[in-house]
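Structure first, then comments.
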Amino acid sequence: MLDEATLRSDTPGSDRVFLNSAGSSLPPRQVLDATIEHLRRESEVGGYQAADERADDLVGLREGIARLLNAAGPGTIALQDSATRAWTQFFYAVPLNRGDQVLVAQAEYASNAVAILQQAGRTGAAVRMVPSDPSGQLDVAALADMLDERVQLVSLVHVPTNGGLVNPVREVVELAHRVGALVLLDACQSVGQLDIDVGALGVDALSATGRKWLRAPRGTGFLYVRPELVGELEPPVIDLHSASWTAPRQYQLAADAQRFELWESDVAARLGLKAAVDYLLALGPAEVEAAVRGKADRLRAGLAELPGVTLTDLGERPCGIVTFTVDGLAAPEVTSALSARGISTSVSRAPSTLLDMSARGLTQLVRASPHYFVSDAQLDETVAEVAKLR
Ligand SMILES: Cc1ncc(COP(=O)(O)O)c(C=O)c1O
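The opening residue of the sequence shown carries number 11 in this note's numbering; numbering runs sequentially from there.
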C-alpha cells in the first residue's frame, strides 16, 4: 500500500485536482530538486563539468530504467528526448522493401501512423490494420490470420492516448515471432502506471516518455531494444556518440543501444528523469499500478452513475485513463468548465487516434487521468462537478 499523505506532500501541485497525468504529470519535489540543482551547477561551472560530475548518475539512470522494465541491463536502453524520438529511431531502422507489410492496431497513435505511412510510401511496403475484438482490444485471432512472412513489423500501442484500453502484448509477440516479425511497443501511456516486464513480454523494442505517468521533466524519453537485435539495426540518424569515425570513409556503430542515442542532451532533465525512476522503483511498480487502477476505478464508478455521461474506455480491464462524453456538451466545454472549478482534465481528439475514433463515430472525448497522488475526495469532487454541468 502506498502512503498517500507522503505522496501528496511530495507533490507541490497536488492541492489542485490534477487529472492529466496522461498529458504531462506533476513531478514530485525530488524530481524538481534534482533538475534545478543541476541547472544551478551548470551556471557555476558550465555544462560540461557539471555533467562530468554526474557521470555515475547518468549511467545509473540507464540502470534504473533497465531495472524498471526488467530489461537485461543498461546497454539495452537508449536515452531520448521524447517517446516519438525513441519510437522513430527504432522504426526507421527496420528495413522495409516492396511487398513487405507493417501491421497496426486500431489504437495506433497519429505520430506513429504518419511515420509508417511515410515509410510505406518510400519503400512500397503495405500497411494493414488489425481489427479489434468485441472488448476493443487488438483481436489476437484476427492478427494470427494476417501474419505471414511478409510482415516485418507489428506496431502495437500498449495503452492509447484516448482511453483506458490495455492491449494484449505477450500474445501478439508470440504470434509475430512465429513468422519472424518484430514487435515495437509504444508504452508511452503505460510506463509509470503499469508494471512492465520486457523480458516476460518479449517485445523487440519499447518506447516511452518521462513526462506522463513517470512524472519526470518534459523533454525526456527512452527506447528499449532487445539486446540480440541491437547489432542488426542501423539507426536512421547517428552522430559521434552513436558511432565512432574510425577511418576517413568508415564509421563503427556502438555495440549496444547507445547507437540509437545522440550526444547532446538536457542533462538537468535527465537527472530529473533519474529521480523520477528512482522514486517509482522505491514505491514499487506493482503497488503503483494497483493504486492508479484504484483511483481510475473510483472515478469511473462515480461517472457511470451520472445520467447523460457515457464512459468510453475499451478493453477487458481498463487502466488509469478515464474517458467520457457528456450529452449536450462538447468535450472542450466540459474541460473548460471543470478547469474553472480547479479541475484539470484534457480533450482527446479524433486525429490523434483516427482509426479507433472513426470506427466508433467519435470526434472528441474528455480525458481524466488520475495518478496515485489524487485523493479520493478530489475524485468525488470531480464526479460532483461533472454532475452539475448538465
Ligand atoms: C500513445 C502515445 N504514443 C506516443 C506519444 C508521443 O509521445 P511524445 O509526445 O513524448 O513524443 C503519445 C503522447 O501523448 C501517446 O499518447
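Virtual Cβ for every residue (Gly too), placed ideally from N, Cα, C.
No experiment lies behind these values; they were computed from the predicted model shown.
Beta-carbon contacts of residue i that lie in its chain and below 7 angstroms, excluding the five residues immediately before and after
| i | result |
| --- | --- |
| S362 | Y119, A120, T171, N172 |
| V201 | A218, W223, L224 |
| V183 | V193, L211, G212, V213 |
| V69 | P84 |
| S34 | R221, K222, R228 |
| S145 | L324, G325, E326 |
| A264 | S252, A253 |
Range covered by the beta strand (DSSP E) that runs through residue i
| i | result |
| --- | --- |
| Q147 | Per DSSP, Q147 belongs to no beta strand (DSSP E) and is neither H nor E. |
| V140 | 136-140 |
| Y261 | 260-263 |
| V201 | Segment: none, V201 is in no beta strand (DSSP E) and carries neither H nor E. |
| D67 | Counting along the chain, D67 falls outside any beta strand (DSSP E), though it belongs to the alpha helix (DSSP H) covering 65-79. |
| A226 | No beta strand (DSSP E) contains A226, which DSSP labels as neither H nor E. |
Whether residue i touches residue j by CB criterion (7 angstroms)
| i | j | result |
| --- | --- | --- |
| M139 | V114 | yes |
| L402 | A286 | With the chain represented from 11 up to 400, any question about residue 402 goes unanswered, as that position is not in the structure. |
| V193 | V167 | no |
| T45 | P295 | no |
| R18 | F383 | yes |
| W97 | S275 | no |
| L153 | L185 | yes |
| P245 | Q99 | yes |
| A93 | G83 | no |
| L309 | L399 | no |
| Q203 | G330 | yes |
| Q111 | A136 | yes |
| G23 | L36 | yes |
| V235 | A215 | yes |
| L360 | T373 | Reading off the sequence, residue 360 comes out as Ala, not Leu. Yes. |
| A397 | L316 | yes |
| S257 | V240 | According to the sequence displayed, residue 257 carries Ala and not Ser. Going by C-beta atoms, A257 is not nearer than 7 angstroms to V240. |
Segment limits, alpha helix (DSSP H) that includes residue i
| i | result |
| --- | --- |
| Y289 | 277-293 |
| R51 | 39-55 |
| S368 | 364-369 |
| G212 | That residue, G212, is in no alpha helix (DSSP H); it is neither H nor E in DSSP. |
| S121 | 120-133 |
| F270 | Counting along the chain, F270 falls outside any alpha helix (DSSP H), and DSSP gives it neither H nor E. |
| S254 | Looking at the DSSP string, S254 is not in any alpha helix (DSSP H); the run it does join, the beta strand (DSSP E), is 253-257. |
Supposed contact pair residue j and residue i - C-beta distance, whole angstroms, cut 8 angstroms
| i | j | result |
| --- | --- | --- |
| S349 | N30 | Wrong, their Cβ atoms sit about 10 angstroms apart, outside the cutoff. |
| P38 | D67 | 17 angstroms between Cβ atoms; not a contact. |
| Q358 | L375 | Residue identity differs from the one stated: residue 358 is Ser in this sequence, not Gln. 5 angstroms between Cβ atoms; contact. |
| T335 | A279 | Their Cβ separation, rounded to whole angstroms, is 36 angstroms, which puts T335 and A279 out of contact at 8 angstroms. |
| F232 | L89 | 5 angstroms |
| V277 | A81 | Rounded, the Cβ-Cβ distance is 22 angstroms, inconsistent with contact. |
| E271 | S252 | 6 angstroms |
Exposed unless 16 or more other CB atoms sit within 10 angstroms - verdict on residue i
| i | result |
| --- | --- |
| Q59 | exposed |
| Y261 | exposed |
| E401 | Nothing about residue 401 can be read from this structure; the chain reaches only from 11 to 400. |
| E63 | exposed |
| A65 | exposed |
| S142 | buried |
| G371 | exposed |
| M11 | exposed |
| E299 | buried |
| G312 | buried |
Close-in-space but distant-in-sequence residues of the same chain around residue i (CB under 8 angstroms, 5 per side omitted)
| i | result |
| --- | --- |
| R180 | A210, L211, G212 |
| F101 | N122, A125, I126, Q129, L163, S165, L194 |
Spatial neighbours of residue i in its chain, beta-carbon cut-off 6 angstroms, leaving aside the 5 residues before and after
| i | result |
| --- | --- |
| G282 | V41, A44, T45, A226, P227 |
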